[in-house]
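Engineer: Next up is a structure, given as structure tokens.
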Amino acid sequence: MLKISWLFIFLVLISGCKTTQKGTSFRNTSVLETAVVKEKHLENFSQFNTLESRMKVRYEDKNQLQSLTVTLRMQKDSVIWLNATVLGIPMARAMITPGSVRYYEKLNKTYFDGDFALLSKLLGTDLDFYQFQSLLLGESVFDLKNNKFDGDIRKGLYRLQSNSVSALFQAVLLIRPDNFKLAEQQVLQPKEGRFFRAQYLSYQTASGQTFPQIMTWTALDNQEKITIDIEWKELETNLALNLPFKIPSDYSEMISK
Numbered sequence: 000m001l002k003i004s005w006l007f008i009f010l011v012l013i014s015g016c017k018t019t020q021k022g023t024s025f026r027n028t029s030v031l032e033t034a035v036v037k038e039k040h041l042e043n044f045s046q047f048n049t050l051e052s053r054m055k056v057r058y059e060d061k062n063q064l065q066s067l068t069v070t071l072r073m074q075k076d077s078v079i080w081l082n083a084t085v086l087g088i089p090m091a092r093a094m095i096t097p098g099s100v101r102y103y104e105k106l107n108k109t110y111f112d113g114d115f116a117l118l119s120k121l122l123g124t125d126l127d128f129y130q131f132q133s134l135l136l137g138e139s140v141f142d143l144k145n146n147k148f149d150g151d152i153r154k155g156l157y158r159l160q161s162n163s164v165s166a167l168f169q170a171v172l173l174i175r176p177d178n179f180k181l182a183e184q185q186v187l188q189p190k191e192g193r194f195f196r197a198q199y200l201s202y203q204t205a206s207g208q209t210f211p212q213i214m215t216w217t218a219l220d221n222q223e224k225i226t227i228d229i230e231w232k233e234l235e236t237n238l239a240l241n242l243p244f245k246i247p248s249d250y251s252e253m254i255s256k
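Counting from 0, one number per residue, gives the positions in the sequence shown under numbering that gives the first Met the number 0.
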């Protein structure tokens, strides 16, 4: 059985709320140039200084099903802090910055102190701080300004697909026409047999900004499948944050194999 510590490491690489946009069907979507769709998506990136939310997280692979409650605190472009509990019992905590990934879990008294390079190698996919932040916020993890994408409309959604035939991976974005946030983003690595999809099933509004409410991440590595369902709760922005983090001196360092 996968230990909770490794579950939480995977998650790392991974004013009140108003009306929720859920299960929306889009019809008669206006035809727009690809450049305009990209620009509108970038214009609708969330603008805030700090963010705090509780998240219900459900993790499933072929061996197990786990449910966690995770407190998320984010200082935009600077720090992502995560605290996980199971049935109210503190289990793990992480502090992520652009230059470091630090984590400890209480059950086995172990810790991880490294960076995204080591963690990306461990997981078999490249991911940096800003991409992880974008993944959480329903925003493209791909550089839309400096990469070429082909565009069309699929089922009422704007579809952008990377058009470089020499790329080792393929990128696909599905963008909603109502708020130009993501409905879905995909990364395909055909040679390695890897596929990652983030689906944003509904959105919510807090302090005049649009944030995901329910999302599902699915990762396939050949025949191995992992699914993570995330539901945001009690989201607030621009509050003073407390980000306590200290690895206990009697904890042992995790050794990656």
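Just so you know, even glycine gets a beta-carbon here, dropped at the ideal spot from N, CA and C.
#1: Say yes only if the C-beta of LEU234 is nearer than 7 Å to one or more non-hydrogen atoms of the ligand NAD, and no if none qualify.
#2: CB-CB under 7 Å to TYR110, same chain, minus the five flanking residues each way: which ones, in chain order?
#3: Are there 16 or more other CB atoms within 10 angstroms of the CB of TRP5, so buried, or fewer, so exposed?
#4: By a C-beta neighbour count over all protein chains shown, 10 Å radius and 16 as the cutoff for buried, is GLU183 buried or exposed?
#5: Who are PRO189's beta bridge partners in DSSP?
#6: Taking 8 Å as the threshold, find out whether the segment 189-201 comes into contact with the segment 60-72 through three or more Cβ pairs.
#7: Applying the 10 Å Cβ sphere with the 16-neighbour rule, what's the burial state of MET37?
#8: May I have the straight-line CA-CA distance separating PHE131 from MET94, to the nearest angstrom?
#9: Measuring alpha carbon to alpha carbon, tell me which of ARG193, ASP177, ARG196, ALA197 ends up nearest GLN203.
#10: Assess contact between the segment 42-55 and the segment 229-236, defined as three or more Cβ pairs (one per stretch) separated by less than 8 Å. Is contact present?
#11: From the DSSP output, in three-state form, read off LEU234 for me.
#12: For the candidate residues SER99, ARG92, GLY98, whose alpha-carbon lies nearest to that of LYS108?
#13: For the structure I just gave you, are there three or more beta carbon pairs, one from the segment 202-220 and one from the segment 70-77, closer than 8 Å?
#14: Starting from LYS37, follow the alpha helix (DSSP H) in both directions and report where the run begins and ends.
#15: Can you look up GLN184 in the DSSP assignment and give me helix, strand or coil?
#16: Determine the DSSP secondary structure at ALA93, reduced to helix, strand or coil.
#17: Under the rule that 16 or more other beta-carbon atoms within 10 Å means buried, what is GLN222, buried or exposed?
#18: From ASN241 to LYS232, what does the alpha carbon distance come to, in whole angstroms?
#19: Please classify ALA34: is it buried, with 16 or more other beta-carbons within 10 angstroms of its beta-carbon, or exposed?
#20: Please state whether the Cβ-Cβ distance between PHE128 and PRO97 is less than 8 Å.
#21: Below 8 Å CB to CB, which residues in the same chain sit around GLN208 once its five sequence neighbours on both sides are set aside?
#22: Classify ALA197 as helix, strand or coil using the three-state DSSP reduction.
#23: Under the rule that 16 or more other beta-carbon atoms within 10 Å means buried, what is ARG265, buried or exposed?
#24: Per DSSP, what are the beta-bridge partners of PRO211 in this structure?
#25: Do MET54 and ILE227 count as a contact pair if the criterion is CB distance below 8 Å?
#26: Short of 8 Å in beta carbon distance, which residues of its chain neighbour GLY123, apart from the five on each side in sequence? Order them along the chain.
#27: Given LEU181, which residues of its chain have a CB within under 8 Å of its CB, disregarding the five upstream and five downstream residues?
Structural biologist: Quick answer:
#1: Of the ligands one can find in the structure shown there are none, so the ligand NAD has no counterpart to examine.
#2: Reading the sequence shown from its first residue, position 111 is the one you call residue 110. The answer, listed in chain order, is TYR102, TYR103, ILE246, TYR250, GLU252, MET253.
#3: Position 6 of the sequence shown holds residue 5. Because TRP5 carries a pLDDT of 48, less than 50, the predicted location of this residue cannot be relied on, and no value is offered for it.
#4: The residue labelled residue 183 in the question sits at position 184 within the sequence shown. Label assigned to GLU183: buried.
#5: Taking the sequence shown and counting its residues from 1, one reaches residue 189 at position 190. Note: PRO189 sits in no beta bridge, so no partner.
#6: No, they do not touch.
#7: Against the sequence shown, residue 37 aligns to sequence position 38. For the record, residue 37 in the displayed sequence is Lys; it is not Met. Buried, since its Cβ has 16 or more Cβ neighbours within 10 Å.
#8: As a first step, residue 131 is located in the sequence shown; it is residue number 132 there, counting from the start. As a first step, residue 94 is located in the sequence shown; it is residue number 95 there, counting from the start. CA-CA distance, PHE131 to MET94, rounds to 13 Å.
#9: As a first step, residue 203 must be located in the sequence shown, where it is residue number 204. Of ARG193, ASP177, ARG196, ALA197, the smallest CA-CA separation from GLN203 is found for ASP177.
#10: The segment 42-55 vs the segment 229-236: in contact.
#11: Numbered from its first residue, the sequence shown carries residue 234 at position 235. Looking at LEU234 - three-state DSSP - the assignment turns out to be strand.
#12: Taking the sequence shown and counting its residues from 1, the one referred to as residue 108 is at position 109. The shortest Cα separation from LYS108 among SER99, ARG92, GLY98 belongs to ARG92.
#13: These segments do not touch.
#14: Within the sequence shown, the letter at position 38 stands for residue 37. According to the DSSP assignment, LYS37 belongs to the alpha helix (DSSP H) that extends over 33-42.
#15: Working through the sequence shown from its first residue, we reach residue 184 at position 185. For GLN184, the three-state secondary structure derived from DSSP is strand.
#16: Numbered from its first residue, the sequence shown carries residue 93 at position 94. Here ALA93 sits in strand by DSSP.
#17: Translated into positions along the sequence shown, residue 222 becomes position 223. Classification of GLN222: exposed, given that the 10 Å Cβ count is below 16.
#18: Sequence index remark: in the sequence shown, residue 241 carries index 242 (1-based). Sequence index remark: in the sequence shown, residue 232 carries index 233 (1-based). C-alpha separation (whole angstroms): 18 Å.
#19: Your numbering for residue 34 matches position 35 in the sequence shown. By the neighbour-count rule (16 or more Cβ atoms within 10 Å), ALA34 is not buried but exposed.
#20: For this step, residue 128 is matched to residue 129 along the sequence shown. For this step, residue 97 is matched to residue 98 along the sequence shown. Closer than 8 Å, so yes.
#21: In the sequence shown, residue 208 corresponds to position 209, counting from 1. Excluding sequence neighbours, GLN208 sits near SER45, GLN46, PHE47, THR236.
#22: As a working note, residue 197 is residue 198 in the sequence shown. DSSP places ALA197 in strand when its eight states are reduced to three.
#23: Nothing can be reported for residue 265: it is not among the residues displayed for the chain, which extend from 0 to 256.
#24: Your numbering for residue 211 matches position 212 in the sequence shown. Note: PRO211 sits in a beta bridge opposite TYR202.
#25: The residue given as residue 227 occupies position 228 in the sequence shown. The residue given as residue 54 occupies position 55 in the sequence shown. No; because the gap between Cβ atoms is not below 8 Å, this pair is not in contact.
#26: Within the sequence shown, residue 123 is the residue found at index 124, counting from 1. Because the pLDDT of GLY123 is 48, which lies under 50, any placement of that residue in the model is unreliable, and the question is left without a value.
#27: Indexing the sequence shown from 1 puts residue 181 at position 182. HIS40, GLY137, GLU138, SER139, LEU172, LEU173, ILE174, ARG175, ALA197, TYR199.
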